[in-house]
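Here's the structure we're looking at; comments come further down.
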Amino acid sequence: MAELSNGVKSFMADEKEKLPLDARLLSDAIIELNISRRNVFIYPRGHPSVEKSLNKAFDFLQKLFELRPDISLAIAKDILIIDDFFLDRKNPVYREFALHLNKMNIASVTFITGLTKDEIYEFHRFLSEDFGDSSVETLQEAFNKIKLIHIKADFINYDAFVFKEGETDKEAPTGQLWEKYIHGLLDGTLQTEALSNMVQEIPPIAFAGLLNQTAADNLKEETYDRVITTYLRKSSERAFTSKELKKLLDFINGLRPDLKKQFLSSTVRTVSEDIDSVETVLRETPVDKVIDLLTTINEQQVAIPEALKNLLDKFSRLHKDKGAERLFRGNLIADDILISPDVLNLLSDGNFEIFVTATYQKEIQKLLDFDSTKIAIEFKELRRECSDECIERDFNITILELISSDIISEEEYTNFINTLKEHLSQFIGTGQYGQVLIIFSVLESNAERGRFSEITSEALQYYHTSEFISFLVDSLRIMGRLTREESLLICNHYGERIIAPLLDALIEEGSQAVRRFLISLITSFGDKANPEVIKRLGDNRWFVKRNMLFILSECGGKDVIPHARPYCHHENPKVGYEAIKCLLKAGDKYCIGALKENLLSESSEASKQALALSGTFRVNEVVPDLIQMLRKKAISGADFHEKIPIVKALGAIGDPRALNALRDVLSTKSLFFKDSIEKLKEEIYITLKNYSYNDMNDLIEAGMKSKNERIRVESLRVKRSHNG
Numbered sequence: 002m003a004e005l006s007n008g009v010k011s012f013m014a015d016e017k018e019k020l021p022l023d024a025r026l027l028s029d030a031i032i033e034l035n036i037s038r039r040n041v042f043i044y045p046r047g048h049p050s051v052e053k054s055l056n057k058a059f060d061f062l063q064k065l066f067e068l069r070p071d072i073s074l075a076i077a078k079d080i081l082i083i084d085d086f087f088l089d090r091k092n093p094v095y096r097e098f099a100l101h102l103n104k105m106n107i108a109s110v111t112f113i114t115g116l117t118k119d120e121i122y123e124f125h126r127f128l129s130e131d132f133g134d135s136s137v138e139t140l141q142e143a144f145n146k147i148k149l150i151h152i153k154a155d156f157i158n159y160d161a162f163v164f165k166e167g168e169t170d171k172e173a174p175t176g177q178l179w180e181k182y183i184h185g186l187l188d189g190t191l192q193t194e195a196l197s198n199m200v201q202e203i204p205p206i207a208f209a210g211l212l213n214q215t216a217a218d219n220l221k222e223e224t225y226d227r228v229i230t231t232y233l234r235k236s237s238e239r240a241f242t243s244k245e246l247k248k249l250l251d252f253i254n255g256l257r258p259d260l261k262k263q264f265l266s267s268t269v270r271t272v273s274e275d276i277d278s279v280e281t282v283l284r285e286t287p288v289d290k291v292i293d294l295l296t297t298i299n300e301q302q303v304a305i306p307e308a309l310k311n312l313l314d315k316f317s318r319l320h321k322d323k324g325a326e327r328l329f330r331g332n333l334i335a336d337d338i339l340i341s342p343d344v345l346n347l348l349s350d351g352n353f354e355i356f357v358t359a360t361y362q363k364e365i366q367k368l369l370d371f372d373s374t375k376i377a378i379e380f381k382e383l384r385r386e387c388s389d390e391c392i393e394r395d396f397n398i399t400i401l402e403l404i405s406s407d408i409i410s411e412e413e414y415t416n417f418i419n420t421l422k423e424h425l426s427q428f429i430g431t432g433q434y435g436q437v438l439i440i441f442s443v444l445e446s447n448a449e450r451g452r453f454s455e456i457t458s459e460a461l462q463y464y465h466t467s468e469f470i471s472f473l474v475d476s477l478r479i480m481g482r483l484t485r486e487e488s489l490l491i492c493n494h495y496g497e498r499i500i501a502p503l504l505d506a507l508i509e510e511g512s513q514a515v516r517r518f519l520i521s522l523i524t525s526f527g528d529k530a531n532p533e534v535i536k537r538l539g540d541n542r543w544f545v546k547r548n549m550l551f552i553l554s555e556c557g558g559k560d561v562i563p564h565a566r567p568y569c570h571h572e573n574p575k576v577g578y579e580a581i582k583c584l585l586k587a588g589d590k591y592c593i594g595a596l597k598e599n600l601l602s603e604s605s606e607a608s609k610q611a612l613a614l615s616g617t618f619r620v621n622e623v624v625p626d627l628i629q630m631l632r633k634k635a636i637s638g639a640d641f642h643e644k645i646p647i648v649k650a651l652g653a654i655g656d657p658r659a660l661n662a663l664r665d666v667l668s669t670k671s672l673f674f675k676d677s678i679e680k681l682k683e684e685i686y687i688t689l690k691n692y693s694y695n696d697m698n699d700l701i702e703a704g705m706k707s708k709n710e711r712i713r714v715e716s717l718r719v720k721r722s723h724n725g
């Protein structure tokens with residue numbers, strides 16, 4: 002579980018100091034891409050979950066495009082790579098996304114500036130298709146058909162890297178991905194445990210071609226040995242095979258002369274360490290290949306140990322007629338398999354109809370002629386029902402039914418409980434909190450019934466440990482926004498115990514979107530969250546104080562007043578703003594003085610925030626200050642524009658003391674700032690509806706005669722409202 006908990010961190014700890022500045026943004030983008038991929042697979046286009054997740058993925062990618070014009074992800078089995086950084090292999094979301102791309106034989110995918118939501122959707126549709134064991138050509142053709150201008154994908158046909166007797170090696174696509182692996186191998190920075198398999202899968206000619214671009218002056222002896230050892234798959238636990246030796250010979254023959262000698266010397270050193278394995282390999286190697294190896298060694302004047310030289314000479318003298326058929330007692334031997342004459346007769350054309358009747362042939366022809374498109378929709382639904390997600394969910398339901406029944410033993414019950422633990426961890430890692438709650442419900446029901454009470458109680462206790470709750474909170478950070486209702490339900494299930502971990506996660510969270518979501522979970526507890534929030538008000542970091550005051554404001558309660566008051570005059574205006582808002586919401590007038598100070602502040606932002614608070618909470622105490630600000634002489638168009646928020650605040654309060662000041666503004670005329678004054682007058686008439694009609698009916702009558710259409714419309718609306 003500790004590994005799972007750590008898995009939701011953005012990147013590996015040992016790379017943390019090297020990460021690019023947009024690491025968090027990149028992490029969010031990948032997470033949202035994987036979420037939208039899953040939703041596109043499950044739901045039709047237009048479904049709220051699909052549209053919401055597509056929007057989020059699109060927004061994060063747009064933010065990344067502000068930093069660079071394209072984003073390229075390389076895939077190495079279950080690892081994602083960007084630039085020279087490996088994303089955390091333990092992160093279940095990264096791993097799931099990488100494995101799915103790898104399943105489609107995608108070596109790398111690039112998202113380019115100009116990308117649209119429709120292109121993301123079509124890309125996910127492509128990823129959702131079941132291509133079975135299709136060739137790379139089929140995959141590439143299917144990808145090209147959807148015509149994605151701003152998404153590029155490179156495919157690798159892994160089957161082409163396996164050398165089979167009687168087959169020629171197919172040419173596989175090269176690209177930046179292979180270059181990255183080879184440069185990492187030469188530099189000694191490649192994580193060989195995770196990625197050496199990818200190096201071994203590079204076709205020998207392509208491998209040689211990439212190495213030919215390298216300057217030999219920069220390579221050391223240990224570098225040559227490292228390349229050969231990796232490419233041969235040689236280790237202390239296993240020897241190399243004849244297929245790998247053939248591949249290595251093709252690789253060496255493709256090198257330029259100066260590199261060929263060095264790599265050949267390294268090969269001789271490497272294979273000479275295990276003469277017995279070499280002999281076994283040479284027994285399986287064609288004689289012409291052995292002769293080619295000796296010729297190459299002689300041409301390059303490479304010194305080889307006497308034991309290896311004798312062994313090579315021995316095998317080069319062996320002759321084998323591969324063209325002749327091998328017979329044993331009149332029977333044909335093919336690939337070491339004895340084929341009897343009866344079988345040969347059966348397979349002959351003349352006897353075919355004896356064993357395959359005309360009726361059977363007609364049935365086969367019917368199958369070949371059948372139009373499968375008629376049932377394509379049914380098959381699509383069937384494939385969906387057979388997906389890993391659906392099967393896993395049904396399997397989980399079956400286990401829950403079994404542990405609720407009386408037909409299983411204690412040992413079987415224990416095994417099922419352990420299986421549920423694995424399922425539950427996976428459900429949490431993928432944000433399926435509804436399934437988690439179903440499991441909890443069944444276990445709690447079993448506990449009430451006393452069914453294997455000790456085992457059940459132990460399982461329930463585990464799900465309430467700090468370690469498990471921490472894992473849950475990490476999952477909520479990453480996956481919770483997609484399933485808000487289920488997230489709220491599971492938080493409600495844990496009750497007040499989860500508040501502290503949520504607050505701690507909020508404090509450390511770097512994403513604004515995730516912070517908003519965590520705050521929504523915390524505030525759902527109402528004033529029950531206040532004690533834990535108040536504890537964290539003493540944190541020295543200003544943004545922590547601000548967030549805690551915001552939560553107290555949302556949660557409410559009279560107990561927050563004495564804790565919020567000290568922060569009204571805080572040195573950071575954002576903290577002071579939240580403290581004032583918190584107290585105004587609680588109905589405490591202590592903050593009025595601080596509010597007035599902010600109204601008259603030289604900071605435009607502080608003044609606007611104070612105006613907004615004054616109007617929102619209808620603070621009558623600041624009306625004289627607002628009137629004074631409104632009467633202040635304007636000397637530019639900008640000055641008139643800045644009076645609009647003052648008019649809005651006064652209008653929201655609706656205090657009749659402001660009407661005379663409004664009349665003065667309405668009588669103002671100017672040749673230079675006519676447009677600005679007209680906008681201000683329009684705002685006055687928009688807010689008149691909040692005043693007593695009897696106090697300003699003269700303004701309404703004048704407005705109905707105005708040349709300004711907006712003023713006439715607003716005046717008529719107020720009068721009609723008054724007349725009913």
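All letters in the sequence shown, in the order written, are residues 2 to 725 by our numbering.
For glycine and all other residues, C-beta sits at the position ideal for the given N, C-alpha and C.
CA-to-CA distance, residue j to residue i, given in whole angstroms
i      : j      : result
Phe162 : Gly481 : Its pLDDT being 38, under 50, Phe162 is placed unreliably by the model, and the measurement read from it follows with that caveat. Each residue's alpha carbon lies about 41 Å from the other.
Lys10  : Gln610 : Confidence in Lys10 is poor, its pLDDT being 36 and thus under 50, which makes the residue's placement unreliable; the coordinate value appears in the next sentence. Their Cα atoms are separated by approximately 36 Å.
Val94  : His424 : 16 Å
Glu172 : Ile107 : Per-residue confidence for Glu172 stands at a pLDDT of 40, beneath the threshold of 50, marking its modelled position as unreliable; the derived number appears in the next sentence. Taking the straight line from one Cα to the other gives about 16 Å.
Ser34  : Asp372 : Checking the sequence, you will find Leu at residue 34 rather than Ser. Cα to Cα, Leu34 sits roughly 36 Å from Asp372.
Ile32  : Asp656 : 51 Å
Ser37  : Ser135 : 25 Å
Val282 : Arg227 : 21 Å
Glu223 : Ile298 : 20 Å
Leu444 : Ile523 : 26 Å
Thr268 : Ile157 : 27 Å
Leu660 : Val623 : 15 Å
Ala58  : Asn40  : 12 Å
Ile647 : Leu681 : 10 Å
Asn254 : Lys261 : 7 Å
Lys559 : Tyr578 : 19 Å
Exposure label - residue i; buried when at least 16 CB within 10 Å
i      : result
Ile147 : exposed
Asn724 : exposed
Ala530 : buried
Gln63  : exposed
Glu572 : exposed
Ile203 : buried
Pro625 : exposed
Glu138 : exposed
Asn92  : buried
Ile365 : exposed
Phe132 : exposed
Pro502 : buried
Ile636 : exposed
Thr669 : exposed
Sequence-distant residues of the same chain with beta carbon closer than 7 Å to residue i, five excluded per side
i      : result
Gly432 : Ser476, Met480, Gly481, Leu483 and Thr484
Glu166 : With a pLDDT of only 40 at Glu166, under the threshold of 50, the placement of this residue in the model should not be trusted, and no figure is reported.
Close Cβ partners of residue i (< 8 Å) along its chain, the five nearest in sequence each way excluded
i      : result
Val576 : Trp543, Lys546, Arg547, Leu550 and Tyr568
Glu683 : Asn709, Arg711, Ile712 and Glu715
Thr114 : Phe66, Pro70, Asp71 and His151
Ile520 : Leu507, Asn548, Phe551, Ile552 and Glu555
Own chain residues within Cβ distance below 6 Å of residue i, not counting five before or after
i      : result
Asn599 : Ala607 and Ala611
Asn103 : Ile76 and Lys78
Glu120 : Leu149, His151 and Ile152
Ile701 : Ser716, Val719 and Lys720
When the Cβ atoms of the region 531 to 551 are set against those of the region 495 to 512, are three or more pairs found closer than 8 Å? Yes, the region 531 to 551 is in contact with the region 495 to 512.
Does the structure place the region 73 to 80 close enough to the region 42 to 60 that three or more beta carbon pairs sit under 8 Å? The region 42 to 60 vs the region 73 to 80: no contact.
Every unbroken alpha helix (DSSP H) inside the region 129 to 155 [4 residues or more]: Listed in chain order, they are 137 to 146.
Cβ contact check for the region 686 to 705 and the region 658 to 676: 3 or more pairs under 8 Å: Touching, per the Cβ criterion.
Which residue spans inside the region 81 to 119 form an unbroken alpha helix (DSSP H) run of at least 4? Secondary structure remark: continuous alpha helix (DSSP H) runs of at least 4 residues inside the region 81 to 119, in chain order: 93 to 104.
Sequence ranges, alpha helix (DSSP H) only - wholly within the region 408 to 493, length at least 4: Taking 4 residues as the minimum length, the alpha helix (DSSP H) runs contained wholly in the region 408 to 493 are 411 to 430, 434 to 450, 454 to 463 and 467 to 480, in order along the chain.
Scan the region 611 to 687 and note each continuous alpha helix (DSSP H) run of 4 residues or more that stays entirely inside, going in chain order. The region 611 to 687 contains these whole alpha helix (DSSP H) runs: 624 to 632, 638 to 643, 645 to 654 and 660 to 667.
Whole alpha helix (DSSP H) runs in the region 15 to 64 with 4 or more residues, listed along the chain? Those alpha helix (DSSP H) runs which fall completely within the region 15 to 64 and span 4+ residues are 24 to 43.
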